[in-house]
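*Asks:*
Protein chains: 2
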Amino acid sequence: MSHIAEIIAVGTELLLGNIANTNAQELSQALSALGINVYWHTVVGDNAGRLREAVEQARRRADIIITTGGLGPTYDDLTKQTICRAFGRELVLHPEIVAQIRARYERNLHAPMPENNIRQAELPVDCVIFGNPVGTAPGCAFEEDGVHVLMLPGPPFEMRTMLEGYAIPYLRRLSQEVIVSRDIMTFGMGESRIEELLRDKMERMSNPTLATYAKPSEVRLRATAKAESVQAAEAMLSPVVSEVAAALGDIVYGVDVKGLEYACVSGLRARGLTLATAESCTGGQLAARLTAIPGVSAVYRGGVVSYWTQVKADVLGVDAGLLDAHGAVSEPTARAMAEGVCKVTGAPVGVSVTGVAGPDRDERGVEVGTVYVGLATPEGTFCRALDLGRRRRDILQNLAANHAFDLLRRWLNGLPLSI
Amino acid sequence: MSHIAEIIAVGTELLLGNIANTNAQELSQALSALGINVYWHTVVGDNAGRLREAVEQARRRADIIITTGGLGPTYDDLTKQTICRAFGRELVLHPEIVAQIRARYERNLHAPMPENNIRQAELPVDCVIFGNPVGTAPGCAFEEDGVHVLMLPGPPFEMRTMLEGYAIPYLRRLSQEVIVSRDIMTFGMGESRIEELLRDKMERMSNPTLATYAKPSEVRLRATAKAESVQAAEAMLSPVVSEVAAALGDIVYGVDVKGLEYACVSGLRARGLTLATAESCTGGQLAARLTAIPGVSAVYRGGVVSYWTQVKADVLGVDAGLLDAHGAVSEPTARAMAEGVCKVTGAPVGVSVTGVAGPDRDERGVEVGTVYVGLATPEGTFCRALDLGRRRRDILQNLAANHAFDLLRRWLNGLPLSI
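Put into structure tokens, the structure is as follows:
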């Protein structure tokens, strides 16, 4: 039997636009992976009447209702009593949970539990209790008339923790099949060209399926298989992933890899090399993306953000005459920046980016979108010259950084360096 | 008369969790500012039956319905015909819009317009046409039986552009009053302490109102006034903003300022100074946050990401003996990094951050959350020593960067340097 889910997010702050409903997105991904169709997202405020209406409309069209929010201790936290009224179920106080909440206040906040929080220990009779190790409000689940209702907290970190720890196991028991996906990550070819190459294949496939998702110059191909077990699904996916990777060739930078920088870090580890970065128009993005990766200090020494031309000379040692002759945004400068950062940091590999991110041309009249990426290695220095076109500044910065990571991962993997 | 709005986002990718519904958030903010209550968000897939159900349920409870998505050229773009069927309005082909779309394809993509795109030039009879200068699909609005329906594109940049250019002016004509807010931005005091200081004031206020929004150690106070005109609302807000800023003192870093780094850039401009950054555990975040600000090259020279200890010595010139004696995460090192980056870049002002972001202690056993922020200036070198506690790595990095910006903006404004 195919389940249909509706996600109801409770919270006036969502309707005021103070925050985006990221909980619904994360829940939808999780439900999708469990083979459960999500047909509706609803957001309603901290209002008992409208929340009741949302629950009533949901129970007519879905057999799994998941709510987020409204489990707090204050008077406008209404989820439990509204749902219990709708389903005719009583709320029961759990003294052991009161004790847990009291202990949490004393341990973490060194303060007595406000009496309001007792409400958080009231739960529907005969429910499955979902513990909350990172907050005070437990969640819960119960079934009534063929409809499963799950109540989760609103704060995203608490919701995510309870989703992983309790909600997914609960839902897994409802589902007869699993959905497993694998993402083939590519950089350097547009979505339409990729679809041309794979159209015949994609149209013939019904399980697994293949879908493309495009970001500026990055295209992710998701292969998705439905089966009775994770192992069976993975066995269906393996040959598909291999065929697609073979068809697309060098533009594939990884499977289930979070981004180009992750591919670079793996490549550096595999070859026992360390890296330094020298960036101008990307303003710190190369460094920030690398240092977000846990354990990256094994392969990343650091870098220089040479925003001013003078800093390219003073800190990276780029020859002042070269800068005068060719300008800050040029191939010789990109090469010199990459070689310079290797010299000053001792890293064997250096990546550089210099370009015009806009909105204006640079002081020499170089056009917006002109970018040079340099790569200094023990085998020589390379450069990729780019015209990324007139785009938004933040898109140009991101794209230039992607090109820098792409040049590096191609060299690390012995692939042709040009796209 | 008070309007009630419902936002319907159309798109299966939202229900699969591929993206978050940021359009609903942005629309809600805009409607809020116009004095229009948003009571419902609904997300439905590219399915005519369920989209029809969503529209029917919305027209029973809202008098403004705004849809996003489903205006594309493919067979699963269903918004216009579904809404027109629901409201009994015909679709009419606009040849001048066909011509515009053709021209757009030729000019930007150097390709002929696919014939599918003709559907995008069909619009409800007698509607107000919303042009789309950054995409191919025009939007539209019409009124039927007291209900206003607005249809906007799904891609967020197109939605946002059409919202500003067409939808907001359309809605402004419906609304009798305006809502204006001003955000008082603070750093360094917790939300509960701020609420204690202002509780009496906040409870007495009904128009304007004052609300607090907390992020890790940043608290934003939003003063909101409802009036018949923007000028009247602003006149109501001025004294409130002054009183709150006076009550809170030095922790206020700006009003309607996007972040601490913006306050720093303004301060540097005002004092005619330039800045360089030296960062370790923040890994490029200081530089990236600064270089995201348009025009920052007037005050920011660049910086060094000295991720490895050796790089602090080799690039920043921190004395090796000092590093040996005190370690990379120490007050002397923070001071030396700030002074060092000034020397190597020529900047009169330098900011540094060194710390342990986790999840593990550093090689000397320094605890997670230990951070030193250095500030080198023509008036001397200063340091803020912090114990930020055991938190998630990304939260610690963000908090450490905030402290660096806070130390700088206090010095720039002649305020006491410690919190």
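For the protein sequence lines, the chains are S and C, in the order given. In case it helps, the numbering used here puts the first sequence at residues 51 to 469. In case it helps, the numbering used here puts the second sequence at residues 51 to 469. The beta-carbon is built from N, C-alpha and C at its ideal position, and this holds for glycine as well.
Go ahead and label LEU226/S buried or exposed: buried means 16 or more other beta carbons lie within 10 angstroms of its beta carbon, across all protein chains shown.
*Replies:* Contrary to the premise, residue 226/S reads as Gln rather than Leu in this sequence. Looking at its Cβ environment, which holds fewer than 16 other Cβ atoms inside 10 Å, GLN226/S is exposed.
*Asks:* May I have the straight-line CA-CA distance separating TYR155/C from THR186/C, to the nearest angstrom?
*Replies:* About 9 angstroms.
*Asks:* Could you check how far apart the C-beta atoms of VAL60/S and ASP96/S are, in whole angstroms? I think they sit under 8 angstroms.
*Replies:* 7 angstroms
*Asks:* Using only CA atoms, which one of HIS160/C, ASN71/C, PHE192/C and PRO289/C lies nearest to ILE115/C?
*Replies:* PHE192/C
*Asks:* Which residues in chain C have a C-beta closer than 7 angstroms to the C-beta of GLU76/S? List them in chain order.
*Replies:* GLY67
*Asks:* Mapping DSSP to helix, strand and coil, what is MET209/C?
*Replies:* helix
*Asks:* Go to ASN452/S, then tell me how far its alpha helix (DSSP H) extends in each direction, as first and last residue.
*Replies:* 443-462
*Asks:* Which residue from ALA426/C, ASN452/C, VAL421/C and THR427/C puts its Cα closest to that of ARG440/C?
*Replies:* VAL421/C
*Asks:* Excluding the five sequence neighbours on either side, which residues of its own chain have a C-beta within less than 6 angstroms of the C-beta of ASN87/S, listed in chain order?
*Replies:* ILE54
*Asks:* Are there three or more Cβ pairs, one per stretch, closer than 8 angstroms when the region 341-359 of chain C is compared with the region 285-296 of chain C?
*Replies:* no
*Asks:* Should the region 98-109 of chain S be called in touch with the region 72-86 of chain C, which here means at least 3 C-beta pairs below 8 angstroms?
*Replies:* The answer is no - the region 72-86 of chain C does not touch the region 98-109 of chain S, with fewer than three Cβ pairs under 8 angstroms.
*Asks:* Look up HIS376/C in the DSSP assignment and say whether it is helix, strand or coil.
*Replies:* helix
*Asks:* Taking all protein chains shown into account, decide if GLY333/S is buried (16 or more other Cβ within 10 angstroms of its Cβ) or exposed.
*Replies:* buried
*Asks:* Would you call the CB atoms of SER402/C and ALA328/C closer than 7 angstroms?
*Replies:* yes
*Asks:* On the premise that ARG272/C lies in contact with SER231/C, defined as a C-beta separation below 8 angstroms, what is that separation, rounded to the nearest angstrom?
*Replies:* Under the criterion of beta carbons closer than 8 angstroms, SER231/C and ARG272/C qualify as touching, at roughly 5 angstroms.
*Asks:* Determine the closest residue to ARG459/C out of GLN335/C, LYS362/C and VAL302/C, with distance taken between C-alpha atoms.
*Replies:* VAL302/C
*Asks:* Are CYS314/S and PHE455/S touching if we call contact CB-CB under 7 angstroms?
*Replies:* Their beta carbons are under 7 angstroms apart, which means CYS314/S touches PHE455/S by this criterion.
*Asks:* Expressed to the nearest angstrom, what Euclidean distance is found between the alpha-carbon atoms of GLU381/C and LEU436/C?
*Replies:* 10 angstroms
*Asks:* Taking all protein chains shown into account, decide if HIS453/S is buried (16 or more other Cβ within 10 angstroms of its Cβ) or exposed.
*Replies:* buried
*Asks:* Please name the residues in the region 84-101 of chain C whose beta-carbon is closer than 9 angstroms to at least one beta-carbon of chain S, in chain order.
*Replies:* ASN87, VAL88, TYR89, TRP90, HIS91, THR92, VAL93, VAL94, GLY95, ASN97 and ARG100
*Asks:* On the DSSP bridge list, what partners appear for ALA59/C?
*Replies:* VAL93/C and THR118/C
*Asks:* Tell me the rounded alpha-carbon separation between ILE58/S and ARG157/C.
*Replies:* 44 angstroms
*Asks:* So, does the CB of ASP17/C fall closer than 7 angstroms to a CB anywhere in chain S?
*Replies:* Past the edges of chain C, shown from 51 to 469, lies residue 17/C, and the structure says nothing about it.
*Asks:* Would you verify that the beta carbon of TYR350/C is, or is not, closer than 7 angstroms to some beta carbon of chain S?
*Replies:* Yes, contact with chain S.
*Asks:* I need the boundaries of the alpha helix (DSSP H) containing LYS393/S, first residue and last residue.
*Replies:* 381-395
*Asks:* Could you have a look at MET201/C and say whether DSSP puts it in helix, strand or coil?
*Replies:* strand
*Asks:* Just to make sure I have the definition right: I need the residues of chain S whose C-beta is within less than 7 angstroms of the C-beta of TYR357/C. Which are they?
*Replies:* THR341, SER347, TYR350, ARG351 and GLY352
*Asks:* Quick one, which of GLU172/C, ALA388/C and SER242/C has its alpha-carbon nearest THR262/C's?
*Replies:* SER242/C
*Asks:* Please state the DSSP three-state secondary structure of VAL423/C.
*Replies:* strand
*Asks:* Using the Cα positions of SER279/S and ARG210/S, report the straight-line distance between them to the nearest angstrom.
*Replies:* 24 angstroms
*Asks:* Where are the alpha helix (DSSP H) runs, 4 residues long or more, that stay fully inside the region 211-264 of chain C, in chain order?
*Replies:* 218-222 and 241-254
*Asks:* Closest by CA to GLY238/C, which one among ASP300/C, SER256/C and ARG223/C?
*Replies:* ASP300/C
*Asks:* Would a check of beta-carbon distances place SER402/C closer than 7 angstroms to chain S?
*Replies:* So no, SER402/C is outside the interface.
*Asks:* Applying the 10 Å Cβ sphere with the 16-neighbour rule, what's the burial state of TYR89/C?
*Replies:* buried
*Asks:* Name, please, each residue of chain C whose Cβ falls closer than 8 angstroms to the Cβ of ASN71/S.
*Replies:* ALA70, ASN71, ALA74, GLN75 and HIS91
*Asks:* At least one CB of chain C closer than 7 angstroms to the CB of THR395/S: is that the case?
*Replies:* Interface residue, yes.
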